[in-house]
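Quick note, the sequence shown lines up with residues 126 to 679 if you use the working numbering. From the three backbone atoms N, C-alpha and C, an ideal C-beta is built for every residue, glycine too.
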Amino acid sequence: MFLAVFCGQVAAHEGHDHGDAPPDGAVAAPRASSSSDRLELVAIARAGSLLIYLDRFGTNEPVTGATILAEGPDGKARAEPQPDGSYRLPARWSLTSGHHDLLLTVSDSGETDLFPLQLDIPEPAPAPAVASLGDAPAFARGLAGRLGGFGLAAAGAGAGFLAGILVTLLIHRPRRRLATAAMLAVAAAVAVAPEARSDEGHAHGPAGEAAAPVSGPSASGARDQARRGPDGAVFVPKPTQRILAIRTVVSEVATHRRAIELPGRVVPDPNGSGLVQTSVGGRLSPPPGGFPRLGTAVRKGDVLAYVNPPIQAIDASDMRQRQGELDQQIAIVERRLSRLEPLARSGAVAQAQLDEARLEIAGLRDRRAALDTSRREPEALIAPVDGVIAEANAVAGQMAQPTGMVFHIVDPDRLWIEALSFESLPGAPDASARLPSGQVLRLRFQGAGLADRNQAVPVHFSVEGGAGGLRIGQFVTVVASQSTERAGLALPRTSVVRSAGGQDLVYEHTGAERFEPREIRLQALDADRVYVASGLAAGRRVVTSGAELLNQVR
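Here you go:
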C-alpha cells in the first residue's frame, strides 16, 4: 500500500513541468506588422486586446498623436492611446484561435495610410495528463499528490521510513496496532487535505489532478524577450525598442570630401594665455586677499603674489657701506649749502652755485631712499592677461626661482588644437575634432609649421563656437578634409559597433522587429560621420542610436 502511495506520481516535477516547455526566448504573443512609405505598424494580441505600436518608417520614432480606426471580425472600432505611447484596440475575437484579417486606417499629420493585417492565433496548449494511481485508495492518491513535488528521492526515503516503522510495530508490539492505525489516519488526513497548501499557483481537483496552466491566446502575462537568432539577426519587440530608444536613418548616396585623421592635443592660444614668473627670485608671500585658487578669474594687472628677494650677508655689508657713504656726502653738501645761502643773499656768491648745491643734495637723498626701498619693498607678480588660473605653484614662504612658473593664466574661450600631420596639409577649412567622450569641435585652420617635430609637421587650429569642458593637454582626434571628393554613403559614428572578431559592423532594420548585422569597411569623413567604403547599399534603414545595446543581445 505504501509503495502505491509513494510511487503513484513520481514524474519529473522540477518547476511543475507538465509538458514540453517552449524554448527560451520564444515569442509569447501573436503579432502582425505592416508598413507604408511613412509609417510602420506592429499589432500584438494580448488578453483580448490588440496593442498597436506606430513608428516613423525612416527614423523609428514613435508616433503618439495619430488616429487609428480598425475594421475586423467584430466590426469597426477605434484604438485608444495609452500612456506608454502605444494604442489599445478591443479585440475579443483574438481569444479565438485561427486566422483573422483586419484593416487599420491611420491618420497622422493630415495624411492617411491603410495597413492590412493578417493575424494568426495559435491553438491553446493541451492540458498535460497526470499519472493515475489505478485502484489505490483515495487517501493514497491524495498522499501521492502531496509528496510528488518532493521528487523521487524524497518519496523513496519517506516510503522506506514509514514501512520500517510499520513492520517493527507489527512484529514486536502486536498490541500497539491501535497506535499504528492512528498514525495512518493522521497521514491520510494530511494527504487528502487539498486546501492545506497551494502548489505554486497550480490548483488541484478532487482527484488530485493538476489543472492545466493558462496558455495560448488567453495568456495575459506573456512577455516577449529580445533574442539573437542562429543567423545573427536580432529580434527586438516594439516595447523593448521604445525602452532602448532605437533610432534609424535611411542611407543615401552623396558627394563627400576626403579626409584624414590626425592626432592632436589642446593648447592655449598664445595671445590668450600668459605665464607669471619672478625676475629676481625670492620668497613668496600672498597679497592681502591670499593667493588665487585654481579656476579663479583674474584681470590683467591684478597682483597675484609678492616676492621678497633674499639679501646675502655680503650684500647687506655692501649696502650698509653704501648707505654710510651716501649719508656722509649728504652731510657735506648740506653744510656747504648752509654756507652758500647767506652769501648768495648778500651777492657774494653767484646764484648758480647755490642751485647746483641744491640739485646735488636732492640727487643724493633720492639715491639714499632708493637704497632703503630695495631692501624693504618686495616684487609684485602681476597678471599679464585676462583669464583663469590654469596652474598655480604658489605657497607662502616658498623660494621662487627666476625661471620658475608661479602661475599660468589661460583664457578658456580662446583655445587651440595642435595636430601632427605626416603629409602636406595646405589649409583645412572644414576640420573638426572628436573627443573620447564623443563631443565634436569645429576648428579653423591657423597655420602649419615648416620645421618637423618627430618627423611630423605641427598644424594649429582654433576652436570655434566655444570650448567649454576642454582642458590644456587633452588629447583629441582631428579630422581634416581635403580638396578631392568622392560619392558614397555617410553614417553617424554612433552607428558603427565592433563584432566579437573586431570587425566593424552596423545593424540594418530589415523588419518591424528584426535587425540584421552588416559588416562594412569604413573611412574617416569628419568628427561625427564615417564614410562607408563597402558592405552597405543605399536605401537601407541603419540603426544610429542604440546600436551598442543591440550588439549586446544574445
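1) If you scan the region 435-494 from start to end, which runs of the alpha helix (DSSP H) of 4 or more residues do you find wholly inside it?
2) Here's the rule I'm using: 16 or more other beta-carbon atoms within 10 Å means buried, otherwise exposed. How should residue 676 be labelled?
3) Decide if residue 417 is buried, meaning its Cβ has at least 16 other Cβ atoms within 10 Å, or exposed.
4) Quick one: Cα of residue 665 to Cα of residue 215, how far?
5) Return the first residue and the last residue of the beta strand (DSSP E) that residue 648 is part of.
6) Identify whether residue 672 lies in helix, strand or coil by the three-state DSSP scheme.
7) Going by C-alpha to C-alpha distance, which of 659, 625, 653 and 605 sits closest to residue 614?
8) Expressed to the nearest angstrom, what Euclidean distance is found between the alpha-carbon atoms of residue 483 and residue 445?
9) Quick check on this structure: which residue in 533, 433 and 612 has the alpha carbon closest to the alpha carbon of residue 378?
10) Could you check the C-alpha separation between residue 410 and residue 565 for me, to the nearest Å?
11) Around the C-beta of residue 640, are 16 or more other C-beta atoms found within 10 angstroms, so that it is buried, or is it exposed?
12) Going by DSSP, name the residue or residues bridged to residue 602.
13) From what residue to what residue does the alpha helix (DSSP H) around residue 366 run?
14) Please work out which residues of its chain come closer than 7 Å, Cβ to Cβ, to residue 682, disregarding the five sequence neighbours upstream and downstream, and give them in chain order.
15) Kindly give me the distance between the Cβ atoms of residue 236 and residue 163, rounded to whole angstroms, as I take these residues to be in contact under 8 Å.
16) What's the call for residue 672, buried or exposed, on a 16-neighbour Cβ count within 10 Å?
17) Rounded to the nearest angstrom, what separates residue 360 and residue 630 at their Cα positions?
18) With respect to 7 Å, is the separation between the Cβ of residue 532 and the closest non-hydrogen atom of the ligand FMN below this value?
19) Hey, how far is the Cα of residue 401 from the Cα of residue 524?
20) Under a Cβ-count criterion, where at least 16 other Cβ atoms within 10 Å of its own Cβ denotes burial, should residue 185 be classed as buried or exposed?
21) Going by the beta-carbon positions, is the gap between residue 546 and residue 588 smaller than 8 Å?
22) Can you give me the C-alpha to C-alpha distance between residue 586 and residue 595, rounded to a whole angstrom?
23) DSSP three-state call for residue 618: helix, strand or coil?
24) Taking Cβ positions, are residue 202 and residue 231 nearer each other than 8 Å?
25) Thinking C-alpha only, which one of 226, 396 and 213 is nearest residue 199?
26) On the CB-based measure, 16 or more other CB atoms within 10 Å of its CB, does residue 536 come out buried or exposed?
27) Can you name, in chain order, every residue of its own chain whose Cβ lies under 7 Å from the Cβ of residue 479, other than the five neighbours on each side?
28) Exposed or buried, what is residue 391 when buried is set at 16 or more other beta-carbons lying within 10 Å of its beta-carbon?
29) Look at the alpha carbon of residue 544 and the alpha carbon of residue 387, and state the distance between them as a whole number of angstroms.
30) Under a three-way DSSP split, which group does residue 661 fall into?
31) Please state whether DSSP places residue 220 in a helix, a strand or coil.
32) What do you get for residue 661, buried or exposed, if any count of 16 or more other CB atoms within 10 angstroms of its CB means buried?
33) Within 10 angstroms of the Cβ of residue 197, are there 16 or more other Cβ atoms? Answer buried if so, exposed if not.
34) Compute the Euclidean distance between the alpha carbons of residue 451 and residue 504, then round it to the nearest angstrom.
35) In chain order, what residues of the same chain have a beta carbon less than 7 Å from the beta carbon of residue 680, not counting five sequence neighbours either side?
36) What's the gap between the Cα of residue 605 and the Cα of residue 385?
According to the structure data:
1) 438-471
2) Working through the sequence shown from its first residue, we reach residue 676 at position 551. With 16 or more Cβ atoms within 10 Å of its Cβ, residue 676 is classed as buried.
3) If you number the sequence shown from 1, residue 417 lands on position 292. Answer is buried; the Cβ neighbour count reaches 16.
4) One-based indexing of the sequence shown puts residue 665 at position 540. One-based indexing of the sequence shown puts residue 215 at position 90. About 35 Å.
5) To locate residue 648, count along the sequence shown from 1; it is residue 523. Its beta strand (DSSP E) spans residues 646-649.
6) Taking the sequence shown and counting its residues from 1, one reaches residue 672 at position 547. Correct three-state label for residue 672: helix.
7) On the sequence shown, position 489 is the one that residue 614 refers to. When only C-alpha atoms are compared, the closest one is 659.
8) Residue mapping note: residue 483 aligns to position 358 of the sequence shown, counting from 1. Residue mapping note: residue 445 aligns to position 320 of the sequence shown, counting from 1. Looking at the two C-alpha atoms, the distance is approximately 25 Å.
9) Taking the sequence shown and counting its residues from 1, the one referred to as residue 378 is at position 253. When each option's Cα is compared against that of residue 378, the closest is 612.
10) Counting from 1 along the sequence shown, the entry for residue 410 is found at position 285. Counting from 1 along the sequence shown, the entry for residue 565 is found at position 440. Residue 410 and residue 565: Cα-Cα distance of roughly 43 Å.
11) Along the sequence shown, read from residue 1 onward, the residue named residue 640 stands at position 515. The residue in question, residue 640, is buried, as its Cβ has 16 or more Cβ neighbours within 10 Å.
12) Reading the sequence shown from its first residue, position 477 is the one you call residue 602. DSSP lists 388 and 559 as partners of residue 602.
13) If you number the sequence shown from 1, residue 366 lands on position 241. Segment 363-369, the alpha helix (DSSP H) holding residue 366.
14) In this structure the chain extends from 126 to 679, so residue 682 is not present and cannot be described.
15) Along the sequence shown, read from residue 1 onward, the residue named residue 236 stands at position 111. Along the sequence shown, read from residue 1 onward, the residue named residue 163 stands at position 38. Rounded, the Cβ-Cβ distance is 7 Å, consistent with contact.
16) As a working note, residue 672 is residue 547 in the sequence shown. Flag for residue 672 reads buried.
17) Position 235 of the sequence shown holds residue 360. Position 505 of the sequence shown holds residue 630. Residue 360 and residue 630: Cα-Cα distance of roughly 17 Å.
18) The model depicted lacks the ligand FMN and carries no ligand whatsoever.
19) As a position in the sequence shown, residue 401 is number 276, starting the count at 1. As a position in the sequence shown, residue 524 is number 399, starting the count at 1. Looking at the two C-alpha atoms, the distance is approximately 15 Å.
20) Along the sequence shown, read from residue 1 onward, the residue named residue 185 stands at position 60. It counts as buried.
21) Indexing the sequence shown from 1 puts residue 546 at position 421. Indexing the sequence shown from 1 puts residue 588 at position 463. The answer is no: Cβ separation not under 8 Å.
22) For the purposes of this step, residue 586 is identified with residue 461 of the sequence shown, where counting begins at 1. For the purposes of this step, residue 595 is identified with residue 470 of the sequence shown, where counting begins at 1. Looking at the two C-alpha atoms, the distance is approximately 14 Å.
23) Here residue 618 refers to the residue found at position 493 when the sequence shown is read from its first residue. If DSSP states are grouped into helix, strand and coil, residue 618 belongs with the helices.
24) Along the sequence shown, one-based indexing puts residue 202 at 77. Along the sequence shown, one-based indexing puts residue 231 at 106. The answer is no: Cβ separation not under 8 Å.
25) As a working mapping, residue 199 is identified with position 74 in the sequence shown. Among 226, 396 and 213, the Cα nearest to that of residue 199 is on 226.
26) Your numbering for residue 536 matches position 411 in the sequence shown. That one is buried.
27) Taking the first residue of the sequence shown as 1, we reach residue 479 at position 354. Excluding residues within five positions, the ones whose Cβ falls inside 7 Å are 465, 466 and 469.
28) Position 266 of the sequence shown, counted from the first residue, corresponds to residue 391. Buried: at least 16 other Cβ atoms inside 10 Å.
29) Position 419 of the sequence shown, counted from the start, is the residue given in the question as residue 544. Position 262 of the sequence shown, counted from the start, is the residue given in the question as residue 387. Their backbone Cα atoms lie some 6 Å apart in a straight line.
30) Taking the first residue of the sequence shown as 1, we reach residue 661 at position 536. Three-state DSSP puts residue 661 in coil, outside helix and strand.
31) Indexing the sequence shown from 1 puts residue 220 at position 95. Note: residue 220 maps to helix in three-state DSSP.
32) The residue you call residue 661 lines up with position 536 of the sequence shown. Label assigned to residue 661: buried.
33) Locating residue 197 in the sequence shown gives position 72, where the first residue counts as 1. Classification of residue 197: buried, given that the 10 Å Cβ count is 16 or more.
34) The sequence position of residue 451 within the sequence shown is 326, counting from 1. The sequence position of residue 504 within the sequence shown is 379, counting from 1. C-alpha separation (whole angstroms): 25 Å.
35) Because the chain here runs from 126 to 679, residue 680 falls outside it and cannot be looked at.
36) Translated into positions along the sequence shown, residue 605 becomes position 480. Translated into positions along the sequence shown, residue 385 becomes position 260. Using only the alpha carbons, I get a separation of about 6 Å.
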